[in-house]
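Colleague:
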């Protein structure tokens with residue numbers, strides 16, 4: 001049996017449909033945050049191998065609008081670990097499916113907390129050194 005993998009990264013692909021957009025035809029900010037939170041959840045869950053919840057989102061910056069029909073790729077990376085918490089950086093890139101052109105559109109940090117079977121904060125293994 002292989003050792004338990006503890007990847008520090010998760011990637012999520014989404015397509016922007018009309019129901020994801022605002023009155024300007026661009027991705028609604030709340031939808032972007034939901035996708036980013038999902039990616040952070042996946043990265044923290046895969047790394048800790050525990051139940052995790054979102055404690056907070058920090059410094060989310062929207063750089064360029066995302067238009068209906070574009071694909072987005074979210075790359076979530078566990079960048080630091082506290083006793084029970086994990087800081088997860090999430091970068092969201094827009095990609096034109098025809099030209100392949102990519103651009104960073106949104107970036108933010110999410111703090112995720114690991115929980116035990118009683119839904120209380122529980123320890124997380126430190127990130128490997130090196």
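Numbering (full-length UniProt numbering), first residue to last: 1 to 130.
We put the CB at the ideal spot given by N, CA and C, even for glycine.
Only counting the same chain, and skipping five residues up and downstream in sequence, which positions put a Cβ closer than 8 angstroms to that of residue 78?
Modeller: Within the same chain, residue 78 has close Cβ partners 8, 9, 43, 44, 47, 86, 87, 88, 127.
Colleague: Against chain B, with Cβ distances strictly below 8 angstroms, would residue 80 count as a contact?
Modeller: In summary, chain B is missing from the structure at hand, where a single protein chain is found.
Colleague: List the residues that DSSP assigns as beta-bridge partners of residue 41.
Modeller: Paired residue(s): none; residue 41 is not in a bridge.
Colleague: Can you find a heavy atom of the ligand ADP that lies under 7 angstroms from the Cβ of residue 49?
Modeller: This structure lacks the ligand ADP; in fact it carries no ligand of any kind.
Colleague: Consult DSSP for residue 33 and reduce its assignment to one of helix, strand or coil.
Modeller: Helix at residue 33.
Colleague: For the 8 angstroms Cβ check, are there 3 or more pairs between the segment 10-17 and the segment 55-65?
Modeller: No, the segment 10-17 is not in contact with the segment 55-65.
Colleague: Taking the C-alpha atoms as reference points, what is the distance between residue 111 and residue 27?
Modeller: Those two C-alpha atoms are separated by around 23 angstroms.
Colleague: By the three-class DSSP mapping on this structure, what secondary structure does residue 102 have?
Modeller: Residue 102 falls in the strand class under three-state DSSP.
Colleague: Under 8 angstroms between the Cβ atoms of residue 52 and residue 114?
Modeller: A contact, by the Cβ cut-off of 8 angstroms.
Colleague: Quick check: what's the CA-CA separation for residue 93 versus residue 105?
Modeller: Rounded to the nearest angstrom, the two C-alpha atoms are 5 angstroms apart.
Colleague: Could you pull out every residue in the same chain whose Cβ sits closer than 6 angstroms to the Cβ of residue 22, ignoring the five residues on either side in sequence?
Modeller: For residue 22, where only same-chain residues beyond five positions count, the Cβ hits under 6 angstroms are 28.
Colleague: Report buried or exposed for residue 119, applying the criterion of at least 16 other Cβ atoms within 10 angstroms of its Cβ.
Modeller: Exposed: under 16 other Cβ atoms inside 10 Å.
Colleague: Would residue 102 and residue 90 be called neighbours here (beta carbons separated by less than 8 angstroms)?
Modeller: For residue 102 and residue 90, no; Cβs fall outside 8 angstroms.
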